[in-house]
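Visitor: I have a structure here, written as structure tokens, and I will follow up with some questions on it.
Protein chains in written order, with the working numbering: chain G, 58 to 360; chain V, 86 to 289.
The structure is reproduced here in structure tokens:
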């Protein structure tokens, strides 16, 4: 596969880089896990195969050999030559036909899976680009060529136009689903591990106020602006391990929700953790989107 | 030992101090609990990352609470000697803060046996604990936007060597040409939890 054009940013993502924490390496992986998983299923790949994660469209690639590709994630279209192929459909592509990801109408990140997976050599067991840690393949540039793995064994390939159906479709998209254009994106959280650093009335603010996605958001974290969340205690928290979806509150009180490329450890208190599927949706939110946090209604046992 | 909620895919276990955290880390690591994907030890906590398709925070909590953890120390992962040119921008300030000469700071740093306790901040960044409590200095009030790879630093009772050019708030006392992080090396990190470190004064 040859990269003709990249748009703002295209990186490789697979299931992530687990088990290397003792080297100081964070998990990374896709920002929108549901869309990543769906893309691989559409083309018959094994779970964990590497795909392209494309920010705001603009990607054009060509293949040297016939390929089967599928687009998921943001609400974009795959242009195969002059044919428009909607997201969520596997399509066969002839050699040398340009394949383009259009600028999404909603959401920000598209996933392009190719049957066989992108087969660059893994770094520490993963083909994911870790933007913060600087590990894994660099962002793609025009002219790059990427090897495609052998078509999945035992898989006959989807019928052209084959679709996934059912639970993976959310709001018409094969992703965790970006928020509707004007509406409020409600994300579910569990409080902790450091909600005891905040007064009850601050937690009430956190769970009722609207927060706006700031332009500085990226694959490391979604930065939010809104009513500040002051701490109720003095002193420094010793750095501790953090997770994807953690809502970290720096001294300025403006929360940051960690996305796929979050640091391994953080030194600011984490007031709550966003549910995995809502972390996907938050990762598709555009700057200016209003977000509200809602406490999970299903019972999370005390850990 | 206190368990803290950390969403659906992890449990944060909090203990009294660093020794207890490292003992817990070794204990949970050795137990190889089903569905546990990764462990992140830190100064007073161990983050246990889990696969929710295989286990749950509650199950992991029960398994960890039932482990015989306590006396375990970090496994010895060998000793590394790191040559340092002690000409860091903050060496004089560190000496002032401790009320000693710069030479005495260097003497304390080179005579202490350091142990890599845990990693974090950046790939290959290891928090080193020493056996000389007289090297405890605070972080800088304002972090630097760029610290060069190889900078040798002190903060909060720890020492460290910056593995790559990054921002940072620690006090810089010297630099080394030793590479802390190299993805083409196995393992890529020079220092992993349990590695002992001796710093040696080098002229260049």
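By construction, the Cβ of each residue, glycine as well, lies at the ideal position given by its N, Cα and C atoms.
Figure out for me which residue from G:60, G:253, G:342 has the closest Cα to the Cα of residue 156 of chain G.
Guide: The residue given as residue 156 of chain G occupies position 99 in the first chain. Nearest of G:60, G:253, G:342 to residue 156 of chain G, Cα basis: G:60.
Visitor: According to DSSP, is residue 179 of chain V helix, strand or coil?
Guide: Sequence index remark: in the second chain, residue 179 of chain V carries index 94 (1-based). Residue 179 of chain V: helix per DSSP, three-state reduction.
Visitor: Assign residue 248 of chain V to one of three DSSP states: helix, strand, or coil.
Guide: Taking the second chain and counting its residues from 1, one reaches residue 248 of chain V at position 163. DSSP places residue 248 of chain V in coil when its eight states are reduced to three.
Visitor: Considering only DSSP beta bridges, list what residue 305 of chain G is partnered with.
Guide: The residue given as residue 305 of chain G occupies position 248 in the first chain. Beta-bridge pairing links residue 305 of chain G to G:313, G:327.
Visitor: Check each residue of the stretch 71-85 of chain G: if its Cβ is closer than 9 Å to any Cβ of chain V, include it; give the result in chain order.
Guide: Those would be 75, 76, 77, 78, 79, 80, 81, 82, 83, 84, in chain order.
Visitor: Under 8 Å, do residue 125 of chain V and residue 321 of chain G count as touching if we go by C-beta distance?
Guide: Here the question's residue 125 of chain V lines up with position 40 in the second chain. Here the question's residue 321 of chain G lines up with position 264 in the first chain. Yes, Cβ-Cβ distance for residue 125 of chain V and residue 321 of chain G is below 8 Å.
Visitor: List the DSSP bridge partners of residue 123 of chain V.
Guide: Here the question's residue 123 of chain V lines up with position 38 in the second chain. DSSP lists V:134 as partners of residue 123 of chain V.
Visitor: Which runs of the beta strand (DSSP E) fall wholly inside the stretch 160-198 of chain G and span at least 3 residues, in chain order?
Guide: You should have 166-171.
Visitor: Measure the beta-carbon distance from residue 313 of chain G to residue 255 of chain G and round it to whole angstroms, keeping in mind my assumption that it falls under 8 Å.
Guide: Sequence index remark: in the first chain, residue 313 of chain G carries index 256 (1-based). Sequence index remark: in the first chain, residue 255 of chain G carries index 198 (1-based). In fact, because the Cβ distance is near 15 Å, the residues do not count as touching under 8 Å.
Visitor: Would residue 300 of chain G pass as an interface residue toward chain V - the criterion being a Cβ-Cβ separation below 8 Å?
Guide: One-based indexing of the first chain puts residue 300 of chain G at position 243. By this cut-off, residue 300 of chain G is an interface position.
Visitor: Please list the partners that residue 130 of chain V has in chain G, where partner means a Cβ-to-Cβ separation under 7 Å.
Guide: The residue labelled residue 130 of chain V in the question sits at position 45 within the second chain. What residue 130 of chain V touches in chain G: 297, 298.
Visitor: Quick check on the DSSP output: the beta strand (DSSP E) that includes residue 168 of chain V runs from which residue to which?
Guide: Locating residue 168 of chain V in the second chain gives position 83, counting from the first residue. Residue 168 of chain V -> beta strand (DSSP E) spans 164-169.
Visitor: Can you tell which of G:298, G:315, G:245 has the C-alpha that lies nearest to the C-alpha of residue 78 of chain G?
Guide: Taking the first residue of the first chain as 1, we reach residue 78 of chain G at position 21. Checking every option, the nearest Cα to that of residue 78 of chain G belongs to G:298.
Visitor: Near residue 346 of chain G, which residues of its chain fall below 8 Å by C-beta distance, leaving aside the five closest residues on each side in sequence?
Guide: The residue labelled residue 346 of chain G in the question sits at position 289 within the first chain. Excluding residues within five positions, the ones whose Cβ falls inside 8 Å are 236, 242, 269, 270.
Visitor: Below 8 Å, how does it come out for the stretch 97-105 of chain V and the stretch 332-344 of chain G: are there three or more Cβ pairs, yes or no?
Guide: No, the stretch 97-105 of chain V is not in contact with the stretch 332-344 of chain G.
Visitor: Is the distance from the Cβ of residue 124 of chain G to the Cβ of residue 172 of chain G below 8 Å?
Guide: Translated into the one-based positions of the first chain, residue 124 of chain G becomes position 67. Translated into the one-based positions of the first chain, residue 172 of chain G becomes position 115. A contact, by the Cβ cut-off of 8 Å.
Visitor: Under a Cβ-count criterion, where at least 16 other Cβ atoms within 10 Å of its own Cβ denotes burial, should residue 145 of chain G be classed as buried or exposed?
Guide: Translated into positions along the first chain, residue 145 of chain G becomes position 88. Looking at its Cβ environment, which holds 16 or more other Cβ atoms inside 10 Å, residue 145 of chain G is buried.
Visitor: Kindly indicate if chain V contains any beta-carbon less than 8 Å away from that of residue 152 of chain G.
Guide: Counting from one through the first chain, the residue named residue 152 of chain G turns up at place 95. No, no contact with chain V.
Visitor: For the beta strand (DSSP E) containing residue 284 of chain V, name the first residue and the last one.
Guide: Here residue 284 of chain V corresponds to residue number 199 of the second chain, with the count starting at 1. Here the beta strand (DSSP E) through residue 284 of chain V covers 281-286.
Visitor: I'd like to confirm the pairing. Which residues does DSSP put opposite residue 203 of chain V in its beta bridges?
Guide: Counting from one through the second chain, the residue named residue 203 of chain V turns up at place 118. Beta-bridge pairing links residue 203 of chain V to V:212.
Visitor: Would the stretch 201-214 of chain V and the stretch 222-230 of chain V be scored as touching if the rule is three or more Cβ pairs under 8 Å?
Guide: They do not touch, by the three-pair rule.
Visitor: Spell out whether any CB of chain V is found under 8 Å from the CB atom of residue 69 of chain G.
Guide: Within the first chain, residue 69 of chain G is the residue found at index 12, counting from 1. It does not; no Cβ of chain V falls within 8 Å.
Visitor: Any C-beta of chain G sitting closer than 8 Å to the C-beta of residue 140 of chain V?
Guide: Position 55 of the second chain, counting from 1, holds the residue named residue 140 of chain V. No, its Cβ sits nowhere closer than 8 Å to a Cβ of chain G.
Visitor: Is the beta carbon of residue 261 of chain V less than 8 Å from the beta carbon of residue 246 of chain V?
Guide: Along the second chain, one-based indexing puts residue 261 of chain V at 176. Along the second chain, one-based indexing puts residue 246 of chain V at 161. Against a cut-off of 8 Å, the Cβ pair of residue 246 of chain V and residue 261 of chain V comes out as a contact.
Visitor: Could you tell me which chain V residues have their CB closer than 7 Å to the CB of residue 250 of chain G, listed as they occur along the chain?
Guide: If you number the first chain from 1, residue 250 of chain G lands on position 193. Correct list: 89, 90, 91, 97.
Visitor: Strictly below 9 Å CB to CB, what residues from chain G border residue 321 of chain V?
Guide: Residue 321 of chain V is absent from the structure shown; chain V starts at 86 and stops at 289.
Visitor: Closest to residue 265 of chain G by C-alpha separation, out of G:108, G:349, G:104, G:199, would be which residue?
Guide: As a first step, residue 265 of chain G must be located in the first chain, where it is residue number 208. Of the listed residues, the one whose Cα sits closest to residue 265 of chain G is G:349.
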